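Please read the structure below before turning to the comments.
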Amino acid sequence: MSKPVYALVDCNNFYVSCERLFRPDLRQRPVVVLSNNDGCVVSRSNEAKALGIAMGVPLFQIQDAIRNHGIEVFSSNYALYADLSDRVMNTLAAAVPAIERYSIDESFLEVSCLSGTAGQEDDLQQWAVELKAQVLQHTGIPVSIGLAPSKTLAKLANWASKRWPRTGGVVDLRDPVRQRKLLALAPVEQVWGVGRRLAQRLRLMGIEQASDLASYDQRLLKRSFNSVLQRTARELAGEACFPLEDGPERKKIIASTRSFSSRIYQQTGLAEAITLYTSRAAEKLRGQQSLCQVLHLFIRTGVYDGSQAQRHQITLELPYPTADTRDLVQQALQGLSRIYQPGIGYAKAGVILMELIEPGQYTPDMFKPQPRPGSDQVMTVMDQINHYQGRGSLRLGRLPANPAWRMRQAFKSPAYTTQWKDLPRVR
DNA sequence: TCTGGGGTCCTAGGACCC
DNA sequence: TCTGGGGTCCTAGGACCC
Numbered sequence: 001m002s003k004p005v006y007a008l009v010d011c012n013n014f015y016v017s018c019e020r021l022f023r024p025d026l027r028q029r030p031v032v033v034l035s036n037n038d039g040c041v042v043s044r045s046n047e048a049k050a051l052g053i054a055m056g057v058p059l060f061q062i063q064d065a066i067r068n069h070g071i072e073v074f075s076s077n078y079a080l081y082a083d084l085s086d087r088v089m090n091t092l093a094a095a096v097p098a099i100e101r102y103s104i105d106e107s108f109l110e111v112s113c114l115s116g117t118a119g120q121e122d123d124l125q126q127w128a129v130e131l132k133a134q135v136l137q138h139t140g141i142p143v144s145i146g147l148a149p150s151k152t153l154a155k156l157a158n159w160a161s162k163r164w165p166r167t168g169g170v171v172d173l174r175d176p177v178r179q180r181k182l183l184a185l186a187p188v189e190q191v192w193g194v195g196r197r198l199a200q201r202l203r204l205m206g207i208e209q210a211s212d213l214a215s216y217d218q219r220l221l222k223r224s225f226n227s228v229l230q231r232t233a234r235e236l237a238g239e240a241c242f243p244l245e246d247g248p249e250r251k252k253i254i255a256s257t258r259s260f261s262s263r264i265y266q267q268t269g270l271a272e273a274i275t276l277y278t279s280r281a282a283e284k285l286r287g288q289q290s291l292c293q294v295l296h297l298f299i300r301t302g303v304y305d306g307s308q309a310q311r312h313q314i315t316l317e318l319p320y321p322t323a324d325t326r327d328l329v330q331q332a333l334q335g336l337s338r339i340y341q342p343g344i345g346y347a348k349a350g351v352i353l354m355e356l357i358e359p360g361q362y363t364p365d366m367f368k369p370q371p372r373p374g375s376d377q378v379m380t381v382m383d384q385i386n387h388y389q390g391r392g393s394l395r396l397g398r399l400p401a402n403p404a405w406r407m408r409q410a411f412k413s414p415a416y417t418t419q420w421k422d423l424p425r426v427r
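Residues in the first sequence are numbered consecutively from 1, following my numbering.
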């Protein structure tokens with residue numbers, strides 16, 4: 001069995017690249033995409049990065065820069081991004097036997113089986129260059145590729161391919177000598193699994209660069225932190241500890257939480273929002289064929305509202321495992337009436353479905369409340385109608401078509417690829 | 001005025017049991 | 001005066017990821 005080789009394929013500035021696909025006039029220009037509610041910057045073009053626009057910065061803090069530099073701003077358009085993501089991933093999946101879709105814009109590929117087919121050492125590197133060109137040709141989305149004997153090193157190789165444009169977007173890190181060079185250049189917080197807090201603690205121990213972490217005493221790492229960081233260090237040293245995950249697994253919890261476009265004071269407004277979020281979560285639940293046993297509900301004030309920040313929450317056991325929107329909404333609204341307090345301006349609410357099981361794992365109990373007859377059929381029809389007619393076409397009566405608290409999306413592009421009415425026109 | 005959302009994993013600490 | 005030890009389960013909270 002030969003050593004594994006992982007390729008990490010990552011879409012460059014993915015959301016911005018999606019927006020540019022149908023707006024060629026935006027190439028070479030500073031572009032940013034915002035989070036839900038037009039809150040923060042979550043994707044930036046290279047030109048926007050060069051202007052000093054930071055990841056995660058709130059929109060209102062960069063209004064001057066937007067005006068002065070003519071930065072193009074977009075609300076997030078998840079229908080578009082999800083569709084283009086599927087196209088990229090399909091191209092990748094067709095090229096290799098094993099792929100792990102890690103996020104909307106990244107996949108790990110296991111490519112050791114492709115190496116040495118022509119008996120040359122640089123086969124794989126050339127293969128990656130061609131794959132990158134193929135994705136661009138099929139989808140119009142630019143990607144970067146890192147090759148390495150572990151996932152953590154592949155992530156670092158990918159980082160290097162973006163950090164140094166001269167690499168052409170492909171970095172091959174199979175050679176141990178090159179590994180050592182890059183590890184010495186990479187700050188420890190660039191390592192996959194090392195965030196801000198961990199980096200702080202590591203620096204106190206004199207671990208500044210990725211190379212310091214790779215060569216640190218592993219037992220000490222396990223004792224001072226945990227076994228995950230220990231494995232990360234081994235991965236940096238070239239040993240594969242995190243295998244390719246075959247999935248997608250069933251989710252263990254399903255959440256739908258959202259900030260409101262403006263504060264909600266009345267229980268009726270909160271009830272509308274809770275109904276929507278619960279309906280969304282229930283759709284996801286049925287999408288993975290699970291039943292839910294426990295529902296957690298929270299409402300909270302803004303985290304930036306000062307000292308009187310409040311969070312009210314409740315965890316509810318359902319009378320029987322269910323995926324019926326009506327059951328879940330009924331429970332959630334009962335929960336709401338128990339935690340709602342008048343006179344408070346709520347900024348955000350959320351529903352989290354927990355203790356998910358498969359239908360076969362559940363034995364009905366004739367002495368307990370019984371599920372609604374025909375629930376499966378009703379929900380199936382509802383999901384089908386919403387699939388073909390657009391989300392929210394068929395919904396519970398409590399939900400207005402256009403509620404006052406609805407998410408702010410002032411800069412949204414058309415759903416070019418998923419709505420007939422938004423199909424681009426060629427003149 | 002305006003600061004995202006959805007996940008997973010790990011640990012610490014308490015309750016409880018034998 | 002001297003007051004065990006180990007295992008399991010649960011929960012809350014923290015850290016990380018994109």
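Glycine included, C-beta positions come from ideal geometry on N, C-alpha and C. Since the model is a prediction, treat every value here as computed from it, not as a measurement.
L213 sits away from A184, with the two beta carbons spaced by 8 Å or more. A residue is called buried when at least 16 other Cβ atoms come within 10 angstroms of its Cβ; V426 does not meet this threshold and is exposed. Proximity to E239 across Q179, A93 and Y388 peaks at Q179, based on C-alpha coordinates. One alpha carbon belongs to V194, the other to F367, and they sit about 51 Å apart.
Assigned with DSSP and collapsed to three states, V31 falls in strand. Each of L198, R223, P187 and D217 was checked against the Cα of Q209, and the nearest Cα belongs to P187. Within the same chain, A271 come within 6 Å of L333 by CB-CB distance, once the 5 residues on both sides are set aside.
I385 sits exposed, since fewer than 16 C-beta atoms from the chains shown fall within 10 Å of its C-beta. The way I'd put it, the segment 155-165 doesn't touch the segment 132-141; fewer than three beta-carbon pairs between them come closer than 8 Å.
S262 is bridged by DSSP to nothing; it lacks a bridge partner. For R286, DSSP records no beta bridge to any residue.
In this chain, the alpha helix (DSSP H) harbouring E235 covers S227 to L236.
Rounded to the nearest whole angstrom, the CA to CA distance from A50 to N12 is 15 Å. If you look at R311, you'll find it in the beta strand (DSSP E) that goes R311 to T322. Counting only the Cα atoms, K421 lies some 17 Å from G392.
In the structure shown, the three-state DSSP call for S103 is strand. Taking a cut-off of 8 Å for Cβ pairs, the segment 387-406 and the segment 249-256 do not touch, as fewer than three such pairs fall below it. Separation of Q341 and L80 (C-alpha to C-alpha, rounded to the nearest whole angstrom) is 39 Å.
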